[in-house]
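Enquirer:
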Amino acid sequence: MLIKNLFLFLVVVFTSNSYAGETWKIASLSWPPYSAPEIENQGSSIHKLRELLKKEDITLIVEFYPWKRAKYIVATNSEYVGIFPAWPEDIFEGAIISSAVDWSEVSVLKRKEDMITFESLEQLFKKYSVGIVGSYIYPKEISDAMRKYPQHVDAALNELLLLKKLVKGRNNAAITDPNVMFYLAEKEGESNLEIVSSIGNKELVLAFRDDEMNRERVKVLERLLKEDK
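With the working numbering applied, the sequence shown covers -3 to 225.
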């Protein structure tokens, strides 16, 4: 019995430390304040993930790309572990997603002087021109409304262009994370934005490419997230 217990203990120790000392390379996007190459700690979400992985002596390397390219690179290149930070809907095919590492907000924003009224997202898209980021896969309730009224969907290449379209009045509203929009607005010297309606909070997950090693890495991250609660 003593030998059996010792064997089980060694298995647990070996498993828990099998990824210690590893380097995880991920692809990310410029999405301040959550992630960006030029800001402190490469962003608040990147910092949170990096600090979690340090507990297992795992080094995090982050490379930044346009979001669509980031998803493609990770899906097709085994050098990369995954993409982060991602909404659970906004991942590549076949990805394995972690639990929430951090949280994002999703809101409807407008210019302060404009008046818009709506009782649902469907009504918003029915009545107004709404800006979105074209490379994002939005939560279902937003995507459903977009598909129903595609003539009122105005896709921007990135968050900065989404901001510029909104402040110039090309769109009546925009849907994105307000923390990102307000961060960019401050950098651009814009103060004429406000939240019309909060749609809700969204998990920010690490989406792993599905292979044998990454299936084990997900377990490591899940354990670290559980221990961090």
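Glycine included, each C-beta is placed from N, C-alpha and C at the ideal position.
Could you round the C-beta distance between Leu45 and Phe80 to whole angstroms and report it? I think they count as a contact, below 8 Å.
Expert: About 6 Å separates the two Cβ atoms, so the contact holds.
Enquirer: In whole angstroms, give me the CA-to-CA distance for Val126 and Val149.
Expert: Rounded to whole angstroms, Val126 to Val149 spans 5 Å at the Cα level.
Enquirer: Which of the three DSSP states, helix, strand or coil, is assigned to Glu47?
Expert: It is helical.
Enquirer: Please report the residue range of the beta strand (DSSP E) in which Lys106 lies.
Expert: Taken as a continuous stretch (DSSP letters only), the beta strand (DSSP E) holding Lys106 covers 98 to 107.
Enquirer: In whole angstroms, give me the CA-to-CA distance for Lys123 and Glu190.
Expert: Each residue's alpha carbon lies about 19 Å from the other.
Enquirer: Starting from the Cα of Ala141, find the closest Cα among Glu155, Ile171, Ser131 and give me that residue.
Expert: Checked all of Glu155, Ile171, Ser131; the closest Cα to Ala141 is Ile171.
Enquirer: Please go through the same chain and pick out, in chain order, the residues whose beta-carbon is closer than 6 Å to the beta-carbon of Gly90, but skip the five residues on each side of it.
Expert: Once the five neighbours on either side are set aside, the close Cβ partners of Gly90 are Asp206.
Enquirer: DSSP three-state call for Leu220: helix, strand or coil?
Expert: It is helical.
Enquirer: Please return the same chain residues whose Cβ sits closer than 7 Å to the Cβ of Ile112, not counting the five positions on each side in sequence.
Expert: The residues are Lys106, Tyr124, Asn168, Ala169, Val192.
Enquirer: Between the beta-carbon of Ser100 and the beta-carbon of Lys164, is there less than 8 Å?
Expert: Their beta carbons are not under 8 Å apart, which means Ser100 does not touch Lys164 by this criterion.
Enquirer: How far does the alpha helix (DSSP H) with Gly225 in it reach, from first residue to last?
Expert: Rather than Gly, the amino acid found at residue 225 in this sequence is Lys. First-last for Lys225: undefined, no H or E at that position.
Enquirer: Compute the Euclidean distance between the alpha carbons of Tyr179 and Val102, then round it to the nearest angstrom.
Expert: Approximately 14 Å between the Cα atoms of the pair.
Enquirer: In the DSSP assignment, find the beta strand (DSSP E) that holds Pro135 and state where it starts and stops.
Expert: Unbroken run through Pro135: none, as it is neither H nor E.
Enquirer: Which residue marks the beginning of the alpha helix (DSSP H) containing Pro81, and which one marks its end?
Expert: Unbroken run through Pro81 is the beta strand (DSSP E), 78 to 82; no alpha helix (DSSP H).
Enquirer: For Leu159, does the three-state DSSP call read helix, strand or coil?
Expert: Leu159 falls in the helix class under three-state DSSP.
Enquirer: Do Val216 and Trp27 have their CB atoms nearer than 8 Å?
Expert: No, the Cβ-Cβ distance between Val216 and Trp27 is not below 8 Å.
Enquirer: Rounded to whole angstroms, what's the CA-CA distance from Glu227 to Gly78? Just pull it up for me.
Expert: Residue 227 is absent from the model: the chain starts at -3 and stops at 225.
Enquirer: On the three-state DSSP scale, how would you describe Glu208?
Expert: Three-state result, Glu208: helix.
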